[in-house]
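First up is the structure itself, then whatever we jot down about it.
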Amino acid sequence: MRRVRVRVKPPPDPRPSRRVLRFTEAEKARAVRAIENGESWRVVAARYDVHTGTLTRWRRLLGNKTRPTYPTKIHTREAKLKAVARIRRGVSRETVAKAMKVHPETVKKWLQGLQLSSPNENGIGREMKLRAVAMLQAGWRIGDLAEELSVSEVSLRAWRAQFGDTVEAVTE
C-alpha cells in the first residue's frame, strides 16, 4: 500500500498582501523623487515593500512628472557673441560655459554655428588657418611654413583641403 500525502493549505493571512495594494500616482512619484534626490534604491524599495525593478518601472512610467520643470534657457545671438569674444581673449570654453550656466559642448556648438572655431592646443584658430592657407597659395613651401607656425605638414595639408576655396574671398 502506498501512502498519499495530502497538502493542507495554511489559513489565509488576515492582512492584505502588499501585492494586492495599489500605489497611488503620488506615492509612486514620492518614491521616484526620493531616488532622484540620492536616496538608496534598496532603502526606498524596502520602505514601500517593493522590488527595485518596480521602482525602475515607476520611474520609466512617470517620466518627467517627478522632476520640476525649468524654463528653457534662450541665449540671444548677442550673448553668444559675447561668449565667443571671451573665448577669443583666451578664456577657456569650460569657464565661459560655467559663467553662462550651460554645458561646454553647448559653447562649442555656438562656435560652430557662428562659423568660428576656438583656438586649439597650439593656439591656432580659424583666422590663422586661413592665413596659413593664403601663405601656401602665395608660394610658401609646406615644410617651411610648418616649421614657422610649429605645426605639422599634415595639418597644413588638411587646412588647405578644408579652406582652399574660401581663401580667395578672405585675402582679396
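Throughout the sequence shown, residue numbering follows the numbering used here, covering 1381 to 1552 in sequence.
Note that beta-carbon positions come from the ideal geometry of N, C-alpha and C, so glycine has one too.
* Around the C-beta of residue 1509, are 16 or more other C-beta atoms found within 10 angstroms, so that it is buried, or is it exposed? -> Residue 1509 should be labelled buried.
* Contact under 8 Å by Cβ, residue 1490 with residue 1513 -> The Cβ atoms of residue 1490 and residue 1513 do not sit closer than 8 Å to each other.
* Let me know the alpha helix (DSSP H) ranges lying completely inside the region 1413 to 1492, each 4 residues or longer, listed in chain order. => DSSP runs (the alpha helix (DSSP H)) wholly in the region 1413 to 1492: 1421 to 1428, 1432 to 1442, 1457 to 1468, 1473 to 1480.
* Given a threshold of 16 other Cβ atoms within 10 Å of its Cβ, counted over all protein chains shown, does residue 1541 qualify as buried or as exposed? -> With a 10 Å radius around the Cβ and a threshold of 16 neighbouring Cβ atoms, residue 1541 comes out exposed.
* To do: Please report how far the alpha carbon of residue 1473 lies from the alpha carbon of residue 1523, in whole angstroms.
  => In this structure, the alpha-carbon of residue 1473 lies about 32 Å from that of residue 1523.
* Integer Cβ distance of residue 1494 from residue 1462, believed to fall under 8 Å -> Contact doesn't hold; Cβ gap of about 12 Å is too wide.
* Asked: Under the three-state reduction of DSSP, which class applies to residue 1389: helix, strand or coil?
  -> When DSSP states are grouped into helix, strand and coil, residue 1389 belongs to the coil group.
* Asked: What's the gap between the Cα of residue 1479 and the Cα of residue 1521?
  -> If you take the alpha carbons of residue 1479 and residue 1521, they lie about 43 Å apart.
* To do: Buried or exposed for residue 1383, please, with buried defined as at least 16 other CB atoms from any protein chain shown within 10 angstroms of its CB.
  => Around the beta carbon of residue 1383, fewer than 16 other beta carbons lie within 10 angstroms, which makes this residue exposed.
* Asked: CB-CB under 7 Å to residue 1476, same chain, minus the five flanking residues each way: which ones, in chain order?
  -> 1463, 1466, 1467, 1487, listed in sequence order.
* residue 1411 and residue 1438: beta carbons closer than 8 Å? -> Yes, the pair counts as a contact, with Cβ atoms nearer than the cut-off.
* **Helix, strand or coil at residue 1534 [DSSP, three-state]** => In the structure shown, residue 1534 sits in a helix (DSSP, three-state: H, G or I).
* **Residue from 1430, 1537, 1392 with nearest C-alpha to residue 1517** => Ranking the options by Cα distance to residue 1517, first place goes to 1537.
* Exposed or buried, residue 1408, counting other C-beta atoms within 10 Å across all chains shown (16 or more means buried)? -> The residue in question, residue 1408, is buried, as its Cβ has 16 or more Cβ neighbours within 10 Å.
* Are residue 1432 and residue 1422 touching if we call contact CB-CB under 8 Å? -> Cβ distance < 8 Å, so residue 1432 and residue 1422 count as in contact.
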